[in-house]
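I have placed the structure first, in the form of structure tokens, so that the comments after it can refer back to it.
Numbering (my numbering), first residue to last: 375 to 620.
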């Protein structure tokens with residue numbers, strides 16, 4: 375079997391190994407999404423795919439991958455901008471850039487922007503797997519952040535998607551979870567409605583901000599039954615999560 379990325383590349387047959395981690399593969403070439411995705415699933419990774427910058431933002435915020443294989447040139451945006459926006463959300467994804475550009479200046483640009491590695495096309499599947507393994511070993515060793523976010527008696531586990539208040543589990547929809555997580559990442563600070571639209575719903579401009587108020591009400595309904603209100607409105611600006619201010 376050839377280990378180069380191509381429409382005819384197939385994952386080897388046999389029993390897959392245990393799950394090794396969550397990956398997001400972002401590329402606008404269907405052959406790469408298919409062949410690389412199938413290979414990475416075979417060797418034990420849980421893989422989601424996206425073909426555009428917008429899909430990458432949405433799926434990364436939903437899926438919370440440990441590592442993103444990210445094409446630099448996407449139909450609707452730049453992979454480096456995608457990485458910067460996700461890290462502005464506080465999402466500590468490792469990033470390996472994929473690109474057909476092999477000039478030294480392009481590699482330096484991707485790495486200095488914060489990428490963890492850089493792979494040029496065409497690439498071997500075994501090479502990509504080795505680079506993923508190396509980056510994950512490094513980032514897992516150096517990332518000492520607690521995956522549990524806490525505000526007062528509220529806890530949100532970013533690894534297991536579990537939410538508890540005062541020890542009681544709270545069942546949230548995917549969007550409610552994303553909204554709560556973003557507020558907790560900015561605990562104590564007022565988050566503007568436009569920023570919530572951008573980072574939770576991925577609306578850049580012109581989004582209907584009534585959706586924010588609607589989902590804030592859903593969160594309050596589920597959180598407030600277990601204790602004092604934690605989500606507070608800053609009139610005309612946005613929302614803050616935390617203890618009431620005196």
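Think of the CB as a built atom: it goes at the ideal place given N, C-alpha and C, for glycine as much as any other residue.
Quick caveat: nothing in here was measured; it's all calculated off a predicted structure.
The beta-carbon separation of residue 528 and residue 539, rounded to 5 Å, stays under the 8 Å limit for a contact. By the criterion of a C-beta distance shorter than 7 Å, residue 604 is surrounded in its chain by 525, 526, 528, 597, 615, 616, once the five residues flanking it on both sides are discounted. For residue 569, the uninterrupted alpha helix (DSSP H) segment begins and ends at 567–574. By the Cβ criterion, the region 399–408 is in contact with the region 422–431, since at least three pairs of Cβ atoms, one from each stretch, lie closer than 8 Å. Relative to the Cα of residue 619, the nearest Cα in the group 492, 591, 561 belongs to 561.
Residue 542 holds the alpha-carbon nearest to the alpha-carbon of residue 599 among 585, 542, 435. Per the coordinates, the alpha-carbon of residue 461 lies some 15 Å from the alpha-carbon of residue 443.
For residue 425, the three-state secondary structure derived from DSSP is coil. Straight across, the Cα-Cα distance linking residue 412 with residue 490 is about 23 Å. Nearest in C-alpha terms to residue 433, of all of 595, 584, 573, is 573. For residue 446, the closest C-alpha among the options 457, 437, 438, 395 is that of 457. The beta carbon of residue 559 sits closer than 6 Å to the beta carbons of 464 from its chain, once the five residues preceding and following it are set aside; these are given in chain order.
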